[in-house]
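Okay, so the sequence shown: first residue is 3 according to this note's numbering, each after it adds one. Idealized CB from N, CA, C, for every residue including glycine.
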Amino acid sequence: TTTFNVNPSRLEAVGLGEEVLLDTKNPTSAINRRVQIFTVGRLAAK
């Protein structure tokens, strides 16, 4: 079963860790611990 009718095989997780910091002067800052979600492609027809 999926939530929001999204097939899990269409999802991809990418961990960037210490490579992409928003606050480079404070690596442990809360702003550096975030989740970003992007949509790619078109919506499926119902």
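Give me the residue from the options with the minimum Cα distance to residue i.
i: glutamate 20; options: Thr5, Ile33, Pro10 and Asn9; result: Ile33
i: glycine 43; options: Asp25, Arg12 and Leu24; result: Arg12
i: glutamine 38; options: Lys27, Asp25, Asn9 and Gly17; result: Gly17
Could you give the DSSP three-state label for residue i: helix, strand or coil?
i: proline 10; result: helix
i: glycine 17; result: coil
i: asparagine 34; result: helix
i: threonine 5; result: helix
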